[in-house]
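Have a look at the structure below, then the notes.
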Amino acid sequence: MIKSMTGYGKSLCQLPTKNISIEIKSLNSKNLDLNARMPSQYREKELEMRQQIAASLQRGKVDFSMQLELTGEETSAKINHQVVKAYLNELQQIKLVDETQNAKMLELALSLPDSVSNDKSEVEATEFEAIKSSISEALEKINEYRLDEGKALEKDFRLRIKRLQELLEQVIEIDPERIKNVRERLQNSVKELKTEVDENRFEQELVFYIEKYDITEEKIRLDNHLNYFLESLSSKDSNGKKLNFIGQEIGREINTIGSKSNFAPMQKLVVEMKDELEKIKEQMLNVL
Numbered sequence: 001m002i003k004s005m006t007g008y009g010k011s012l013c014q015l016p017t018k019n020i021s022i023e024i025k026s027l028n029s030k031n032l033d034l035n036a037r038m039p040s041q042y043r044e045k046e047l048e049m050r051q052q053i054a055a056s057l058q059r060g061k062v063d064f065s066m067q068l069e070l071t072g073e074e075t076s077a078k079i080n081h082q083v084v085k086a087y088l089n090e091l092q093q094i095k096l097v098d099e100t101q102n103a104k105m106l107e108l109a110l111s112l113p114d115s116v117s118n119d120k121s122e123v124e125a126t127e128f129e130a131i132k133s134s135i136s137e138a139l140e141k142i143n144e145y146r147l148d149e150g151k152a153l154e155k156d157f158r159l160r161i162k163r164l165q166e167l168l169e170q171v172i173e174i175d176p177e178r179i180k181n182v183r184e185r186l187q188n189s190v191k192e193l194k195t196e197v198d199e200n201r202f203e204q205e206l207v208f209y210i211e212k213y214d215i216t217e218e219k220i221r222l223d224n225h226l227n228y229f230l231e232s233l234s235s236k237d238s239n240g241k242k243l244n245f246i247g248q249e250i251g252r253e254i255n256t257i258g259s260k261s262n263f264a265p266m267q268k269l270v271v272e273m274k275d276e277l278e279k280i281k282e283q284m285l286n287v288l
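And the structure:
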């Protein structure tokens, strides 16, 4: 199972006096690159929200945004009841005050120091829990998106690895012909010299020369790497870095086969293999 780093998730947090719209977008990146935009009153909780997002998305260039829409009156002002009652008691003891003017007394009491608190320094716990729940909903959606994208990537990888396996089979099939071709070319080159040579010595040198072009180990390793790539696609966790490493090993074996081939039909197959691998590498950039 693999997951893409490309995804999108959105959710709406509905509160008594406001709606908070949450959007999360992600693209490919080597590490987690999180950009957060939110109203200033929620900045105190930014670290907690970043940790929640990072734990879920792990890697990618992530844009997180919160948009606030007020749907009713919201005030951070709170009446200090004990202070107001104390002021009213004091005012009632002043004989100059007309006791029938209760409304004016209350207005006066509310205007005195410490009667009203207008400081809202912290986001309420219940509100933040609702926001975190909404973030979880958006993260769930973006992870579903990533899984769907991952399935498409996996299908493409399997097709291209299968094509590489087919090309490797063709390389194996023509390898004896390649060795025969190399041998004949060397023998013809010696004949063109029109000089006598020690046949036994020539045969020994020919064997040593052909051994330099032997690709038996490369064919075996390449086959193992291709199978390991397919096995890793089916693993429980998505590991793009591991797949990228296996891809590099596949490329190393293909390059070595190409440098040793010395045979046009095989070099043609190697070019096709490199083309398929390049397409795999391009898609690999999106794997989580």
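Mapping of the sequence shown onto UniProt numbering: residues 1 to 288, in sequence order. Note that CB positions come from ideal geometry on N, CA and C, so glycine has one too. Treat the numbers as computed from the prediction; the structure is a model and nothing was measured.
For VAL62, the enclosing beta strand (DSSP E) has its first and last residue at 60-70.
For ALA55 and GLN165, the gap between their C-alpha atoms comes out near 37 Å.
As for any beta strand (DSSP E) of minimum length 3 sitting wholly inside the region 135-168, there is none. Its Cα nearest to that of ASN181, the residue SER261 stands out among SER134, GLN93 and SER261.
Around the CB of LEU288, 16 or more other CB atoms lie within 10 Å, so the residue is classed as buried. The DSSP-derived three-state label of ILE246 is helix. GLU276: member of the alpha helix (DSSP H) spanning 264-284, first to last residue. Between the C-alpha atoms of ARG163 and GLN248 there is a straight-line separation of about 17 Å.
The alpha-carbon separation between LYS10 and LYS25 amounts to approximately 9 Å. In this structure LEU34 is not in contact with MET5, their Cβ atoms being roughly 13 Å apart against a cut-off of 8 Å. Within 10 angstroms of the beta-carbon of ALA152 lie fewer than 16 other beta-carbons, which makes it exposed. In this structure, the beta-carbon distance from GLU169 to ARG221 does not fall below 8 Å.
Of VAL270, GLU137, SER232 and GLN267, the smallest CA-CA separation from GLN52 is found for GLU137. Straight through space, the alpha carbons of ILE172 and LYS219 are spaced by roughly 8 Å. Counted as a single uninterrupted DSSP element, the beta strand (DSSP E) harbouring ARG37 occupies residues 32-37.
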